[in-house]
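Chains as they are written, first to last, in my numbering: chain A, 1 to 249; chain B, 250 to 390. Take a look at the structure below.
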């Protein structure tokens, strides 16, 4: 069996063009396998980013037949097409061919302060071992959102991100919810102030495309709507705080 | 590096991402449509200040087949936009989405649950019914 792999090639000097390669495949061949076949045996100059090959690192995100997917997680056989079109993720600047630049995406993520802020955890005090004890239901509130692998598929699928450069995107907003709802965190108000502006959370119109493409079941749309419910006053963060456990070495 | 932002094409495409994306697309278009109708309506009704003859002339424009088709579409747009808007009002306030939990393969997103999908279909059905009723009144004259 063989399939035509149509790949968008881009270089700053030559601009955009499509190259088509005929690639043999088996029932289990993934799009990443096919791309690596092209790179190994047909055209070494093909540029793409990949690493783990098992949907854990989130490096090989690309537009496959018009939809953002992980190349390592998409089997050719499941696409039911004789032609597979591979393009770089939209809404990310293209470096070359299928490799895109994630600087803005990661900056948005960092702007959300993706870490626990709690006065009681001063990491300079090395002689004291501190940990928070959380109940299972407290963990369940954020666990789903902590599975994000930052592959950028949600960012590529979002119609608001497509229009608004300053919109932080579904990934960043879902991460904001992940830390805001954590019972160890004390900076809810500070966090909400970051996204409560005209290019912030109010620009999400719940198209749900981010959750549709997420390969890890993070469901960013759910996180964003739940986060918004706090801003609108429909929900309140529980008074329950994680218990601090301190022990000397 | 080449900026690869989709721009307006991003929200003009209703397919590939399931029913909620289609509802988003419809919500936007019906919103634009209603805005255009509102402006046209203001222009039309403002003709009343030019006297009865001008007003009757303007009114005649809406009493044509094309005028009735446009009004039928406006009824549909209005009902869908309102009904889906109520769904969005609750969903964007975190209601009807379910509780976050451990994601399990095949990772069906909670936010795109059957309740939400049913509400979208109900909005479409209500709009279709309202259009049929409106058309029967307008064309039955």
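Note that CB positions come from ideal geometry on N, CA and C, so glycine has one too.
State whether the segment 213 to 229 of chain A contacts the segment 183 to 190 of chain A, with contact taken as three or more CB pairs (one from each stretch) at a distance under 8 angstroms.
Three or more beta-carbon pairs separated by less than 8 angstroms are not found between the segment 213 to 229 of chain A and the segment 183 to 190 of chain A, which leaves the two stretches without contact.
Using a Cβ cut-off of 7 angstroms, pull out every chain A residue sitting near residue 360 (chain B), in sequence order please.
In chain order: 208, 211, 219, 221, 222, 225.
What's the gap between the Cα of residue 318 (chain B) and the Cα of residue 267 (chain B)?
If you take the alpha carbons of residue 318 (chain B) and residue 267 (chain B), they lie about 29 angstroms apart.
For the segment 218 to 225 of chain A against the segment 169 to 180 of chain A, do three or more pairs of beta-carbon atoms, one drawn from each stretch, fall closer than 8 angstroms, so that the two count as touching?
With the cut-off at 8 angstroms, the segment 218 to 225 of chain A and the segment 169 to 180 of chain A touch.
Would residue 333 (chain B) count as contacting chain A if we go by Cβ distances under 7 angstroms?
It does not: the Cβ of residue 333 (chain B) has no partner Cβ on chain A nearer than 7 angstroms.
Give me the residue from A:194, A:207, A:75 with the minimum Cα distance to residue 25 (chain A).
When only C-alpha atoms are compared, the closest one is A:75.
DSSP-derived helix/strand/coil call for residue 96 (chain A)
In the structure shown, residue 96 (chain A) sits in a strand (DSSP, three-state: E or B).
Can you give me, in chain order, the residues of the segment 360 to 379 of chain B that have a beta carbon less than 7 angstroms from any beta carbon in chain A?
360, 361: these are the residues of the segment 360 to 379 of chain B whose beta carbon lies less than 7 angstroms from some beta carbon of chain A, given in chain order.
Which term fits residue 128 (chain A), buried or exposed, when burial requires 16 or more other beta carbons within 10 angstroms of its beta carbon?
That one is exposed.
Is the separation between the beta-carbon of residue 32 (chain A) and that of residue 62 (chain A) shorter than 7 angstroms?
No, the pair does not count as a contact, with Cβ atoms beyond the cut-off.
If we call anything under 7 angstroms between Cβ atoms a contact, is residue 325 (chain B) one with residue 272 (chain B)?
The answer is no: Cβ separation not under 7 angstroms.
Is the distance from the Cβ of residue 162 (chain A) to the Cβ of residue 68 (chain A) below 7 angstroms?
Residue 162 (chain A) places its beta carbon 7 angstroms or farther from that of residue 68 (chain A).
Residue 175 (chain A) at chain B interface by Cβ criterion, 7 angstroms:
Not one chain B Cβ lies under 7 angstroms of residue 175 (chain A).
Report the three-state DSSP secondary structure of residue 391 (chain B) (helix, strand or coil).
No answer is possible for residue 391 (chain B): it lies beyond the span of chain B, which begins at 250 and ends at 390.
For residue 29 (chain A), which beta-bridge partners are listed by DSSP?
Answer is none; residue 29 (chain A) lacks a bridge partner.
Do residue 231 (chain A) and residue 192 (chain A) have their CB atoms nearer than 7 angstroms?
Cβ atoms of residue 231 (chain A) and residue 192 (chain A): closer than 7 angstroms.
At least one CB of chain B closer than 7 angstroms to the CB of residue 66 (chain A): is that the case?
By this cut-off, residue 66 (chain A) is an interface position.
For residue 342 (chain B), which option in A:206, A:246, A:243 has the closest C-alpha, if you only look at C-alpha atoms?
Comparing Cα-Cα distances from residue 342 (chain B) to each of A:206, A:246, A:243, the minimum goes to A:206.
Does residue 260 (chain B) get closer than 7 angstroms to chain D when you measure Cβ to Cβ?
Of the protein chains in the structure, A and B, none is chain D.
Measure the Cβ-Cβ separation of residue 259 (chain B) and residue 93 (chain A) and say whether it is below 7 angstroms.
Between residue 259 (chain B) and residue 93 (chain A), the gap from beta carbon to beta carbon reaches 7 angstroms or more.
Could you check how far apart the C-beta atoms of residue 171 (chain A) and residue 150 (chain A) are, in whole angstroms? I think they sit under 8 angstroms.
Yes, they are in contact, since the Cβ atoms of residue 171 (chain A) and residue 150 (chain A) sit about 6 angstroms apart, within 8 angstroms.
What did DSSP end up calling residue 116 (chain A) once you bin it into helix, strand or coil?
Three-state result, residue 116 (chain A): coil.
Short CB-CB distance (under 7 angstroms) between residue 336 (chain B) and chain A
The beta carbon of residue 336 (chain B) does not come within 7 angstroms of any beta carbon belonging to chain A, so the residue lies off that interface.
Between which two residues does the alpha helix (DSSP H) holding residue 154 (chain A) run?
153 to 157 is the span of the alpha helix (DSSP H), which, as asked, contains residue 154 (chain A).
Sub-7 angstroms separation of residue 20 (chain A) and residue 39 (chain A) beta-carbons:
No; because the gap between Cβ atoms is not below 7 angstroms, this pair is not in contact.
Could you check which residue in A:145, A:84, A:200 has the C-alpha nearest to that of residue 164 (chain A)?
Among A:145, A:84, A:200, the Cα nearest to that of residue 164 (chain A) belongs to A:200.
In its own chain, which residues sit with a C-beta less than 6 angstroms from the C-beta of residue 29 (chain A), not counting the 5 before and 5 after it?
For residue 29 (chain A), where only same-chain residues beyond five positions count, the Cβ hits under 6 angstroms are 76.
Can you find a C-beta in chain B that's less than 7 angstroms from the C-beta of residue 228 (chain A)?
Taking Cβ atoms only, chain B reaches closer than 7 angstroms to residue 228 (chain A), which makes this a yes.
Reference residue 364 (chain B), options B:282, B:302, B:311, B:339, closest by Cα
Considering only B:282, B:302, B:311, B:339, the residue with the shortest C-alpha distance to residue 364 (chain B) is B:339.
Cβ pair residue 65 (chain A), residue 48 (chain A) closer than 7 angstroms
In this structure, residue 48 (chain A) does not lie closer than 7 angstroms to residue 65 (chain A) by Cβ.
With respect to the beta strand (DSSP E) encompassing residue 17 (chain A), which residues constitute its N-terminal and C-terminal limits?
First-last of the beta strand (DSSP E) with residue 17 (chain A): 15 to 24.
Between residue 345 (chain B) and residue 140 (chain A), is the Cβ-Cβ spacing less than 7 angstroms?
Going by C-beta atoms, residue 345 (chain B) is not nearer than 7 angstroms to residue 140 (chain A).
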